[in-house]
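Peer 1:
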Amino acid sequence: MENNRNYVIDFDSTFTQVEALDILGEISLSGKPNREQLLADLKSLTDRGMEGGLSLRESIQKRLELLQAEKSHLEPLIESLKGKVSSSFVRNEDFFQENKDHIFILSNGFKEFIVPIVSQYGIKEENVFANSFVFDDEGKIIGFDKDNVLSSNNGKVEQLKALELKGDVYVIGDGYTDYEIKAAGLANKFYAFTENVSREKVTAKADHITPSLDEFLYLHKMNKAISYPKNRIKVLLLENVHEDAVAIMKKEGYNVSTYAGGMDEDELAEKIKDVSVLGIRSKTQLTKKVLDNAQRLIAVGAFCIGTNQIDLEECLKKGVAVFNAPYSNTRSVVELAIGEIILLMRNLPDRIAEMHQGKWNKSASGSYEIRGKKLGIVGYGNIGAQLSVVAEAIGFDVYYYDLVERLALGNATKCSSLQELLETAEIVTLHVDGRAANQNLIGEEQFQQMQEGSILLNLSRGQVVDVKALKKHISSGKIKGAGIDVFPKEPKTNNEKFESELCGLPNVILTPHIGGSTQEAQENIGNFVPGKIIDYINTGGTTNSVNFPNLQLPSLENAHRLIHIHHNKPGIIAHINKILAANDINIVGQYLKTNETVGYVITDIDKAYDADVIKELKGIEGTIKFRVLY
0 MENNRNYVID FDSTFTQVEA LDILGEISLS GKPNREQLLA DLKSLTDRGM
50 EGGLSLRESI QKRLELLQAE KSHLEPLIES LKGKVSSSFV RNEDFFQENK
100 DHIFILSNGF KEFIVPIVSQ YGIKEENVFA NSFVFDDEGK IIGFDKDNVL
150 SSNNGKVEQL KALELKGDVY VIGDGYTDYE IKAAGLANKF YAFTENVSRE
200 KVTAKADHIT PSLDEFLYLH KMNKAISYPK NRIKVLLLEN VHEDAVAIMK
250 KEGYNVSTYA GGMDEDELAE KIKDVSVLGI RSKTQLTKKV LDNAQRLIAV
300 GAFCIGTNQI DLEECLKKGV AVFNAPYSNT RSVVELAIGE IILLMRNLPD
350 RIAEMHQGKW NKSASGSYEI RGKKLGIVGY GNIGAQLSVV AEAIGFDVYY
400 YDLVERLALG NATKCSSLQE LLETAEIVTL HVDGRAANQN LIGEEQFQQM
450 QEGSILLNLS RGQVVDVKAL KKHISSGKIK GAGIDVFPKE PKTNNEKFES
500 ELCGLPNVIL TPHIGGSTQE AQENIGNFVP GKIIDYINTG GTTNSVNFPN
550 LQLPSLENAH RLIHIHHNKP GIIAHINKIL AANDINIVGQ YLKTNETVGY
600 VITDIDKAYD ADVIKELKGI EGTIKFRVLY
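In numbering that gives the first Met the number 0, the protein residues as written are 0 to 629.
1. Among 127, 516, 105, which has the Cα closest to the Cα of residue 114?
2. Quickly, what does DSSP pair residue 369 with across the bridge? List them, please.
3. Tell me, which residues are paired with residue 586 by DSSP?
4. Mind checking residue 406: buried by the 16 CB within 10 Å criterion, or exposed?
5. Among the residues of its own chain, which have a CB less than 6 Å from the CB of residue 525, if the five just before and after it don't count?
6. How many Å lie between residue 393 and residue 517 at the Cα?
7. Within its chain, find whatever has a CB closer than 6 Å to the CB of residue 10; leave out the 5 residues flanking it on each side and keep chain order.
8. Using 7 Å as the threshold, is the C-beta distance between residue 377 and residue 456 below it?
9. Note down the Cα distance separating residue 629 from residue 276, rounded to an integer number of angstroms.
10. State the Cα-Cα distance for the pair residue 237 and residue 459, rounded to the nearest angstrom.
11. My output table needs one value for residue 456: the three-state DSSP class, helix, strand or coil.
12. Could I get the ranges of all uninterrupted alpha helix (DSSP H) runs contained in the stretch 185-214, with 4 residues as the minimum, in chain order?
13. Who are the near neighbours of residue 480 in its chain, counting only those whose CB is closer than 6 Å to its CB and skipping five residues on each side?
14. At the level of alpha carbons, what is the spacing between residue 492 and residue 259?
15. CB-CB under 6 Å to residue 152, same chain, minus the five flanking residues each way: which ones, in chain order?
16. Just to confirm the assignment: which complete beta strand (DSSP E) runs, minimum length 3, are found wholly within the stretch 522-578?
17. Is the number of C-beta pairs between the stretch 301-316 and the stretch 538-547 that are closer than 8 Å three or more?
18. Alpha helix (DSSP H) containing residue 178: first to last residue?
19. To the nearest angstrom, report how far apart residue 618 and residue 15 are at their CA atoms.
20. So, at 8 Å on beta carbons, what are the nonlocal neighbours of residue 388 in its own chain, with the 5 sequence-adjacent residues on each side left out?
21. Roughly how many angstroms lie between the CA atoms of residue 211 and residue 252, to the nearest whole one?
22. In whole angstroms, what is the alpha-carbon distance linking residue 379 and residue 386?
23. The beta strand (DSSP E) with residue 278 in it runs from where to where?
24. Contact check, residue 66 vs residue 140 under 8 Å by CB: the rounded distance?
25. In angstroms, rounded to a whole number, what distance separates the CA positions of residue 623 and residue 575?
26. Mind listing, in chain order, the continuous beta strand (DSSP E) runs of no fewer than 3 residues lying wholly within the stretch 467-520?
27. Note down, in chain order, each residue of its chain lying with its Cβ closer than 7 Å to the Cβ of residue 23, except the 5 sequence neighbours on either side.
28. For the putative contact between residue 205 and residue 190, defined by C-beta atoms under 8 Å, what is the C-beta separation to the nearest angstrom?
29. For the structure I just gave you, are there three or more beta carbon pairs, one from the stretch 599-618 and one from the stretch 549-562, closer than 8 Å?
30. Would you list the one or two residues that DSSP bridges to residue 254?
31. On the three-state DSSP scale, how would you describe residue 629?
32. Round the Cβ separation of residue 500 and residue 477 to the nearest angstrom and send it over; I've been treating them as touching at under 8 Å.
Right, dumping it as structure tokens:
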């Protein structure tokens, strides 16, 4: 660390994600009949004070009057604030420990709750400058120390003058009072901190807008927990990815953009140019053309089970890891399948439509229970296997067929061929992936093999059923009913019109690709996929990647981690180690995994290195991508 640098940091909405007095209000006003209005007034006073629209002393006085707080409220406030330290501050704790002699907390807040929070990060109590509460004999907060310069306008400027800091001064804060320090000529630069809140009147005055502490440390080439500021990792999430995913990635510090619908090839090829992480569902096709434009792409998240909409091989060739959610919506699809089978066995789609037309058609004709019926499951993966268990529990005789050898669950019977299953089952449900070999898996020949009066469900991929053949056999009565959730061509957004030859056919349920569209499933997916992507970016771990060699890595401690992705050819790891040895760099740990296309080498080293070493490693013939984690 350079000893001539001093760091002046604000507390509320900078060191912590929140304004502490707002949180104190939530505690002290609990149970008050007009609590919500009081809290809204409190926030308004805070914002006006931070933007310079209200004198500081007036803002503090009015807020304390609203709070009706007591000393006993401070302990729960402190506990709450401990969990609300800004995310980028938490992940860069080393910065505070290493620079504690030169870090100063300058706040118009109150020492009583600030000191317990910042001291956890090594910041000295004597380096904390803030206001103090005044209590009455019963412990009620009745005011503040008006002799403290920080309780008045321009207080931070006066306090900093009194400190007479030697050397450079850098101010990090979110309020107008932080800018005033620079305006008074007491700081080299003012960094508007926007990780938690962005105030236009403040950012307009800043020397630099700092979305996170990562950005500040990156600009000053200082030690940090990551190799690249996270706000510079641009994330693009399409197709209404669950809000949890957006929140998780924003909390991690990424620059997140969302788009409600899918994108066509040309549009995505343009939008992806500066994207580091792409999140899609089933409508968006990630093609070679798109990937050729994705120069900064690190990872792709498929917020669904299937990945046939992604050119996995091309992603692999370009060193882009792909993650999906193979289990997260399994239950949702299973429940829809069971529900549709019951509806179709009872002819309910037609009865429901008739009732809406005013027609009363009470009859048991063609209506059957499911108990004892033969259910044939094509594809015995995660969904097929769970469907097997649930279906058997409610009375089905279960048969299944899969190209891969799968162990039967419960009393399910394995069929040796697709034809055997089709000839045996009364209800056939498809749960296969979208690989090219499954194109028209169920076509004219397969419909001929099915029993008269069969029911068909396709909740897998649109192209696995020949729609013209299905229409023909529904019209003839060979297929008694069908539940179709996926189609060869689907609208990209909810505003586009849906068209299909299956519209208007009797006892047919058509749904808009919603097999996994439950709140529970989308929430599960929204939490699972970001976790895998974040782990990959932060540690290099590729567990559950659908295209990369899977590596589960230990956490990085007291080392630098070199991540080298290369074409799978002999001699690469030897070349890497030769370069490290030639530069007298000791290897702490090394991990290697390959597949037929790429090699993935992780090397942890315990010594500082020259930038030329990185150039040499990047220059190894066959290198696809190279990253360094600190």
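All residues carry an ideal CB built from backbone N, CA and C; glycine is no exception.
Peer 2: Let me lay it out:
1. Looking up residue 114 in the sequence shown gives position 115. Residue 114 has its Cα closest to that of 127, out of 127, 516, 105.
2. Reading the sequence shown from its first residue, position 370 is the one you call residue 369. The partner list for residue 369 (beta bridge, DSSP) is empty, contrary to what the question assumes.
3. Looking up residue 586 in the sequence shown gives position 587. In DSSP, residue 586 forms a bridge with 604.
4. Walking along the sequence shown from the start, residue 406 turns up at place 407. By the 10 Å Cβ count, residue 406 comes out exposed.
5. For the purposes of this step, residue 525 is taken as residue 526 along the sequence shown, with counting starting at 1. For residue 525, where only same-chain residues beyond five positions count, the Cβ hits under 6 Å are 241, 243, 244.
6. Along the sequence shown, read from residue 1 onward, the residue named residue 393 stands at position 394. Along the sequence shown, read from residue 1 onward, the residue named residue 517 stands at position 518. Taking the straight line from one Cα to the other gives about 22 Å.
7. Taking the sequence shown and counting its residues from 1, the one referred to as residue 10 is at position 11. If we look at residue 10 and ignore the five residues flanking it on each side, its Cβ neighbours are 104, 106, 108, 113.
8. Reading the sequence shown from its first residue, position 378 is the one you call residue 377. Reading the sequence shown from its first residue, position 457 is the one you call residue 456. Contact flag unset, no.
9. As a first step, residue 629 is located in the sequence shown; it is residue number 630 there, counting from the start. As a first step, residue 276 is located in the sequence shown; it is residue number 277 there, counting from the start. Cα-Cα distance, rounded: 20 Å.
10. Position 238 of the sequence shown, counted from the start, is the residue given in the question as residue 237. Position 460 of the sequence shown, counted from the start, is the residue given in the question as residue 459. The alpha-carbon of residue 237 is positioned some 21 Å away from that of residue 459.
11. Sequence index remark: in the sequence shown, residue 456 carries index 457 (1-based). In this structure, residue 456 counts as strand in the three-state DSSP scheme.
12. 199-202
13. Here residue 480 corresponds to residue number 481 of the sequence shown, with the count starting at 1. Excluding positions up to five away in sequence, the list reads 343, 454, 506.
14. For the purposes of this step, residue 492 is taken as residue 493 along the sequence shown, with counting starting at 1. For the purposes of this step, residue 259 is taken as residue 260 along the sequence shown, with counting starting at 1. Cα to Cα, the separation comes out at about 8 Å.
15. Working through the sequence shown from its first residue, we reach residue 152 at position 153. So the list reads 54, 55, once near-sequence residues are dropped.
16. Entirely contained in the stretch 522-578, the beta strand (DSSP E) runs reaching 3 residues are, in chain order, 559-566.
17. yes
18. Position 179 of the sequence shown holds residue 178. Where residue 178 is concerned, the enclosing alpha helix (DSSP H) stretches over 175-182.
19. Start at 1 with the first residue of the sequence shown, and residue 618 comes out as number 619. Start at 1 with the first residue of the sequence shown, and residue 15 comes out as number 16. Computed Cα separation, rounded: 43 Å.
20. On the sequence shown, position 389 is the one that residue 388 refers to. For residue 388, where only same-chain residues beyond five positions count, the Cβ hits under 8 Å are 408, 409.
21. As a working note, residue 211 is residue 212 in the sequence shown. As a working note, residue 252 is residue 253 in the sequence shown. C-alpha separation (whole angstroms): 7 Å.
22. For this step, residue 379 is matched to residue 380 along the sequence shown. For this step, residue 386 is matched to residue 387 along the sequence shown. Taking the straight line from one Cα to the other gives about 9 Å.
23. Counting from 1 along the sequence shown, the entry for residue 278 is found at position 279. Taken as a continuous stretch (DSSP letters only), the beta strand (DSSP E) holding residue 278 covers 276-279.
24. The count along the sequence shown starts at 1 and reaches residue 66 at position 67. The count along the sequence shown starts at 1 and reaches residue 140 at position 141. Taking C-beta atoms under 8 Å as the contact rule, residue 66 and residue 140 qualify, at a distance of about 7 Å.
25. Position 624 of the sequence shown, counted from the first residue, corresponds to residue 623. Position 576 of the sequence shown, counted from the first residue, corresponds to residue 575. In a straight line, the C-alpha of residue 623 is about 14 Å away from that of residue 575.
26. 478-483, 507-509
27. As a working note, residue 23 is residue 24 in the sequence shown. If we look at residue 23 and ignore the five residues flanking it on each side, its Cβ neighbours are 66, 68, 72, 76.
28. Residue numbering aside, residue 205 sits at position 206 when the sequence shown is read from its first letter. Residue numbering aside, residue 190 sits at position 191 when the sequence shown is read from its first letter. 6 Å between Cβ atoms; contact.
29. yes
30. Indexing the sequence shown from 1 puts residue 254 at position 255. Listed as beta-bridge partners of residue 254 by DSSP are 233.
31. Here residue 629 refers to the residue found at position 630 of the sequence shown. Coil at residue 629, not helix or strand.
32. Within the sequence shown, the letter at position 501 stands for residue 500. Within the sequence shown, the letter at position 478 stands for residue 477. That pair is no contact at about 16 Å.
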